[in-house]
Amino acid sequence: MDIIDTRKCNLWNLDRLADYLAVGPDILRGYYDEILEDGQFLAGINARLTKVREEYGFTKAIFARDKIDSADWFAFERILIYVLVRHLKPEAVLETGVYYGGNTSFLLAGLHRNGKGRLVSIDLPDSAIRAGVSAGTALRHPLVGDSELYQSTLKPGFIIPDYLKQHWDFVEGNSLEVIPTRRETFDLYLHDSDHSMDFLTAELDAAWPRLGAGATVVVDDIDWSNAFFSFCVTHQLSPVLFTDNGKDNLRVRSGVVKVDHPRNRERAFTGAKAAS
Ligand SMILES: C[S@@+](CC[C@H](N)C(=O)[O-])C[C@H]1O[C@@H](n2cnc3c(N)ncnc32)[C@H](O)[C@@H]1O
305 MDIIDTRKCN LWNLDRLADY LAVGPDILRG YYDEILEDGQ FLAGINARLT KVREEYGFTK
365 AIFARDKIDS ADWFAFERIL IYVLVRHLKP EAVLETGVYY GGNTSFLLAG LHRNGKGRLV
425 SIDLPDSAIR AGVSAGTALR HPLVGDSELY QSTLKPGFII PDYLKQHWDF VEGNSLEVIP
485 TRRETFDLYL HDSDHSMDFL TAELDAAWPR LGAGATVVVD DIDWSNAFFS FCVTHQLSPV
545 LFTDNGKDNL RVRSGVVKVD HPRNRERAFT GAKAAS
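For the working numbering, add 304 to where a residue sits in the sequence shown, where the first one is 1.
Written as structure tokens, this is what we have:
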């Protein structure tokens with residue numbers, strides 16, 4: 305697919321999000337235009353791409369590109385979370401799984417534009433991931449392979465432009481241990497750490513008591529296990545699901561649920577907890 309078709313997918317998804325949130329589509333399309341036109345953001349990302357590639361020789365994922373000339377080159381989820389931050393104007397955002405910081409950059413760009421709000425991001429250092437893999441102690445989804453490994457000289461979030469970090473609180477650790485220690489009430493929670501059934505189930509359970517009454521939950525790679533669907537069944541939540549934008553794939557990938565959505569009572573799943 306070319307970038308024009310990717311843009312069409314992004315717009316189609318954003319219109320479904322507008323329907324779910326009961327807002328006019330032009331409002332969300334306006335936020336999308338905003339990040340597409342944000343020259344400072346793109347310049348900051350490109351400066352980090354060049355530095356990391358030249359100084360650390362890291363060429364995985366988006367770092368394989370010399371230069372990114374549009375935010376459309378990123379997965380739809382990044383557009384989704386930017387638009388959600390701009391629309392919801394959260395005071396406190398929780399993110400798990402930072403890796404190079406693609407999602408983190410888009411969340412922070414939204415907070416930066418809002419002029420308020422804090423993002424708490426949790427990730428393990430690369431050394432801990434490697435140790436857990438070789439000891440066989442980490443709960444890890446088999447699909448992940450070595451795709452998230454990088455060298456220990458790089459810290460999580462190495463694509464994030466410096467000017468965005470003023471809204472950021474990075475916490476190094478296991479999300480299952482860190483989340484219960486947080487005292488904030490989060491308005492927005494993004495899961496993108498380990499997507500295995502057991503781990504995601506445990507992380508959603510840990511996050512649930514820390515979410516505000518009107519919080520929004522975004523889960524990446526919902527097709528990797530039944531954990532997100534099981535969470536929706538348990539709490540009687542009616543989600544909206546999004547495909548990616550065709551640049552890499554079109555699989556149903558991101559789940560969004562607003563915990564106080566009016567549809568929760570009308571159309572919630574019924575039946576037993578989904579099997580793994
Ligand atoms: C899919 S990557 C995240 C990609 C990232 N959101 C981005 O936009 O570039 C998954 C991340 O989850 C982290 N992770 C895995 N297990 C974790 C755990 N138990 N606690 C916190 N982070 C974890 C890994 O270190 C890795 O950085």
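Ideal Cβ positions, reconstructed from N, Cα and C, are used throughout, including at glycine.
Which two residues bound the contiguous alpha helix (DSSP H) that contains residue i?
{"i": "V356", "result": "343-360"}
{"i": "F533", "result": "531-539"}
{"i": "R417", "result": "406-418"}
{"i": "R382", "result": "380-392"}
{"i": "L504", "result": "501-511"}
Identify, in the order they occur along the chain, each residue of the same chain with its Cβ nearer than 6 angstroms to the Cβ of residue i, setting aside the five sequence neighbours on each side.
{"i": "K371", "result": "N350"}
{"i": "P329", "result": "D319, A322"}
{"i": "R567", "result": "S542"}
{"i": "F535", "result": "L508"}
{"i": "Y324", "result": "V544"}
{"i": "A579", "result": "Note that A579 scores a pLDDT of 45, beneath 50, so its modelled location is shaky; the value from the coordinates is reported in the next line. Result list for A579: empty, nothing under 6 angstroms."}
{"i": "T489", "result": "G516"}
{"i": "A375", "result": "I339, L340"}
{"i": "S456", "result": "D430, S431"}
{"i": "Y404", "result": "F462, I463"}
Grab the span of the beta strand (DSSP E) containing residue i for me, first residue to last.
{"i": "A326", "result": "Segment: none, A326 is in no beta strand (DSSP E) and carries neither H nor E."}
{"i": "L480", "result": "Premise fails: L480 lies in the alpha helix (DSSP H), 479-482, not in any beta strand (DSSP E)."}
{"i": "R486", "result": "Element bounds for R486: n/a, residue is neither H nor E."}
{"i": "E399", "result": "396-400"}
{"i": "W472", "result": "472-476"}
{"i": "R422", "result": "422-427"}
{"i": "R557", "result": "556-562"}
{"i": "T547", "result": "544-547"}
{"i": "G516", "result": "515-523"}
Got a sec: does ligand 1 put a non-hydrogen atom nearer than 7 angstroms to the Cβ of residue i?
{"i": "S558", "result": "no"}
{"i": "L392", "result": "no"}
{"i": "A414", "result": "For the record, residue 414 in the displayed sequence is Gly; it is not Ala. Incorrect: G414 has no Cβ contact closer than 7 angstroms to ligand 1."}
{"i": "G348", "result": "no"}
{"i": "S479", "result": "yes"}
{"i": "Y403", "result": "yes"}
{"i": "P543", "result": "no"}
{"i": "G406", "result": "yes"}
{"i": "L398", "result": "no"}
{"i": "I372", "result": "no"}
{"i": "I426", "result": "yes"}
{"i": "P329", "result": "no"}
{"i": "P460", "result": "yes"}
{"i": "I433", "result": "yes"}
{"i": "S456", "result": "no"}
{"i": "D498", "result": "yes"}
Who are the Cβ neighbours of residue i in its own chain at under 8 angstroms, not counting the five residues just before and after it?
{"i": "K420", "result": "K393, E395"}
{"i": "T363", "result": "R357"}
{"i": "D552", "result": "A379"}
{"i": "D466", "result": "G348"}
{"i": "L315", "result": "R333, Y336"}
Relative to the alpha-carbon of residue i, which residue among the options has its alpha-carbon at the smallest distance?
{"i": "V402", "options": "W512, A511, I464, D509", "result": "I464"}
{"i": "L458", "options": "I483, L480, E481, P429", "result": "P429"}
{"i": "L398", "options": "S529, A379, L515, F410", "result": "L515"}
{"i": "D509", "options": "V523, L480, S500", "result": "L480"}
{"i": "T408", "options": "A432, I433, Q470", "result": "Q470"}
{"i": "K562", "options": "G550, V522, V556", "result": "V522"}
{"i": "D473", "options": "I526, V424, Y360", "result": "V424"}
{"i": "Y336", "options": "A435, T310, V387, W377", "result": "V387"}
{"i": "D373", "options": "L346, F367, I385, E381", "result": "L346"}
{"i": "I426", "options": "V537, T485, R390", "result": "T485"}
{"i": "N478", "options": "D496, Y467, R569, G414", "result": "D496"}
{"i": "D309", "options": "S558, A365, G550", "result": "G550"}
{"i": "R569", "options": "Q540, S431, L411, L554", "result": "Q540"}
{"i": "W528", "options": "P460, V556, R390", "result": "V556"}
{"i": "I526", "options": "S558, F503, D491, V537", "result": "S558"}
Given 7 angstroms as the limit, tell me if residue i has its C-beta closer than that to any heavy atom belonging to ligand 2.
{"i": "I483", "result": "Ligand 2 is absent from the structure shown, which contains only ligand 1."}
Can you name, in chain order, every residue of its own chain whose Cβ lies under 7 angstroms from the Cβ of residue i, other than the five neighbours on each side?
{"i": "A326", "result": "none"}
{"i": "D564", "result": "A517, G518"}
{"i": "A506", "result": "L480"}
Within the 8 angstroms Cβ cut-off, does residue i reach chain B?
{"i": "D373", "result": "Although the question refers to chain B, the structure presented lacks it and comprises just one protein chain."}
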